[in-house]
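J.:
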Amino acid sequence: MAKNKGKPQHNSTDGKPAKAGEKTLVLDVGGHHVKVYASGHPEPREIATGPKFTPQMLVREVGQLVSDWSYSRVAIGYPGPVREGHPSEEPLHLGRGWTSFDFAKGFGVPVRIVNDAAMQALGSYRGGDMLFLGLGTGLGSALIVEGVLQPLQLEAVPYRKGRTVEAYVGEAGLERLGHGKWRSHVRRVVTLLRYIVQADYVILGGGNTKLLKKLPLDCFLGENALAFPGGLRLWEGVPRELCGKRIKPQEGNSQAQAAAQ
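The working numbering numbers the first residue of the sequence shown as 770 and each following residue consecutively.
1. Just curious, the alpha helix (DSSP H) that Ser910 is in, first and last residue?
2. Thinking Gln889 and Gly903 are a contact (beta carbons under 8 Å), I'd like their distance in whole angstroms, please.
3. Following the continuous beta strand (DSSP E) through Val926, name the residue where it begins and the one where it ends.
4. Which residue wins for smallest C-alpha separation from Gly866, given the options Val795, Glu915, Asn977, Phe822?
5. In the structure shown, what three-state DSSP assignment does Lys804 receive?
6. Could you give the DSSP three-state label for Tyr970: helix, strand or coil?
7. Please confirm whether Gly939 and Gly897 have their CB atoms less than 9 Å apart.
8. In the DSSP assignment, the beta strand (DSSP E) including Ala717 goes from what residue to what residue?
9. Verify the CB distance criterion: does Gly947 have a CB-CB separation below 9 Å to chain C?
10. Could you spell out the range, first to last residue, of the beta strand (DSSP E) harbouring Pro920?
11. Starting from the C-beta of Met1011, find all residues in its chain whose C-beta is less than 8 Å away, skip the five residues before and the five after it, and write them out in chain order.
12. With DSSP as the reference, label Arg881 as helix, strand or coil.
13. Should Tyr847 and Leu794 be called a contact, given that it needs their Cβ atoms to be closer than 9 Å?
14. Determine the DSSP secondary structure at His855, reduced to helix, strand or coil.
15. Do the segment 844-858 and the segment 995-1004 meet, that is, are 3 or more Cβ pairs less than 8 Å apart?
16. Count the other C-beta atoms from every protein chain shown that fall within 10 angstroms of the C-beta of Asp745, then say buried if there are 16 or more, exposed otherwise.
17. Helix, strand or coil: how does DSSP classify Ile1016 here?
18. Considering only C-alpha positions, which residue in the set Phe872, Pro813, Pro985, Ser857 is nearest to Leu827?
19. Where does Phe901 fall in DSSP's three states?
20. Going by beta carbon distance, what residues of the same chain come within less than 8 Å of Asn977, once the five residues before and after it are set aside?
21. Taking the alpha helix (DSSP H) that Val934 falls in, what are its first and last residues?
22. So the beta strand (DSSP E) Gly947 belongs to, where does it begin and stop?
23. Does DSSP classify Leu1031 as helix, strand or coil?
24. Span of the alpha helix (DSSP H) holding Val843?
25. If you count every other CB in all the chains shown that lies within 10 Å of the CB of Ala1034, and 16 or more means buried, which is it?
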């Protein structure tokens, strides 16, 4: 069990409003490392991961890494699908055992888990209806409509030649197509997916955004560090002033036709 100075104030992740004064430990889990933040500690500490990294190792190594931090709850961004607050599929680039692991028992405090793209989306949200797309090893996606988060699996949307959008804009597509063609497909896919969900704007996150030279209209670059405020918002909620904020898109739906060509 991870050692911490905070005491749990909930018996489970029951969806009840968070209590004022609680401190949140935020874990952004990836295929190469875990970034670890906490309330009052915005500069992350890191743990190396890899194909043999298990949830038991996560609990043990996080406990050792933050033994000098206090927290009363945990927010986890998980690199895979999450259903009903628990991983529903094993991660592609880590070890096994994530879908059956009891995270609340392991950490000894209440835990809330969302897909890692969804957690970064929460931290990136600036009002209105926002689509988040993470360009990394695969394609992560989430939609926030008037402050309500909906994780998505848009990577499975059929696109071209029997392949999905992820096959074109993910890491495999980048290696197969080269930078120039990959960037062209990113622009088309972003416009297409935005049209499908009718978002006001798109936030593009993930490590491969550094390769982009030009963004489609109403698209903005996110930052991996926004996973930290996203983890806080997973417990504290989206600020009320953002939930009712309207953002008028600058383009019409006609541009989606170009994405399908």
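Ideal placement from N, C-alpha and C gives every residue a C-beta, glycine not left out.
T.: Straight from the coordinates:
1. As a position in the sequence shown, residue 910 is number 141, starting the count at 1. Careful: Ser910 lies outside any alpha helix (DSSP H), inside the beta strand (DSSP E) at 908-914.
2. Reading the sequence shown from its first residue, position 120 is the one you call residue 889. Reading the sequence shown from its first residue, position 134 is the one you call residue 903. About 7 Å; that satisfies the 8 Å criterion.
3. Along the sequence shown, read from residue 1 onward, the residue named residue 926 stands at position 157. From DSSP, Val926 is part of no beta strand (DSSP E); its letter is neither H nor E.
4. Taking the sequence shown and counting its residues from 1, one reaches residue 866 at position 97. That would be Phe822, whose Cα lies nearest to the Cα of Gly866.
5. Reading the sequence shown from its first residue, position 35 is the one you call residue 804. Strand.
6. The residue given as residue 970 occupies position 201 in the sequence shown. In the structure shown, Tyr970 sits in a strand (DSSP, three-state: E or B).
7. Taking the sequence shown and counting its residues from 1, one reaches residue 939 at position 170. Taking the sequence shown and counting its residues from 1, one reaches residue 897 at position 128. For Gly939 and Gly897, no; Cβs fall outside 9 Å.
8. Residue 717 falls outside the range modelled here, since the chain spans only 770 to 1030, and no answer is possible.
9. Of the chains in the structure shown, none is chain C; there is only one protein chain.
10. Within the sequence shown, numbered from 1, the residue matching residue 920 stands at position 151. Unbroken beta strand (DSSP E) run through Pro920: 917-920.
11. Walking along the sequence shown from the start, residue 1011 turns up at place 242. Looking at the sequence provided, one finds Leu at residue 1011 rather than Met. By the criterion of a C-beta distance shorter than 8 Å, Leu1011 is surrounded in its chain by Tyr894, Arg895, Gly896, Gly916, once the five residues flanking it on both sides are discounted.
12. Residue mapping note: residue 881 aligns to position 112 of the sequence shown, counting from 1. Strand.
13. Locating residue 847 in the sequence shown gives position 78, where the first residue counts as 1. Locating residue 794 in the sequence shown gives position 25, where the first residue counts as 1. No, they are not a contact pair.
14. Residue mapping note: residue 855 aligns to position 86 of the sequence shown, counting from 1. In this structure, His855 counts as strand in the three-state DSSP scheme.
15. As far as the Cβ criterion goes, the segment 844-858 touches the segment 995-1004, which means the pair count is three or higher.
16. Look at the range of the chain in this structure, 770 to 1030, and you will see that residue 745 is not part of it.
17. Mapped onto the sequence shown, residue 1016 falls at position 247. Coil at Ile1016, not helix or strand.
18. To locate residue 827, count along the sequence shown from 1; it is residue 58. Looking at the Cα atoms, Phe872 is the closest of the given residues.
19. Indexing the sequence shown from 1 puts residue 901 at position 132. It is a strand residue.
20. Start at 1 with the first residue of the sequence shown, and residue 977 comes out as number 208. Taken in chain order, the residues that qualify are Leu904, Gly905, Glu940, Leu943.
21. On the sequence shown, position 165 is the one that residue 934 refers to. Residues 934-938.
22. Residue mapping note: residue 947 aligns to position 178 of the sequence shown, counting from 1. Per DSSP, Gly947 is not a residue of any beta strand (DSSP E), being assigned neither H nor E.
23. Because the chain here runs from 770 to 1030, residue 1031 falls outside it and cannot be looked at.
24. Translated into the one-based positions of the sequence shown, residue 843 becomes position 74. Taken as a continuous stretch (DSSP letters only), Val843 belongs to no alpha helix (DSSP H), being part of the beta strand (DSSP E) at 842-847.
25. Residue 1034 is absent from the model: the chain starts at 770 and stops at 1030.
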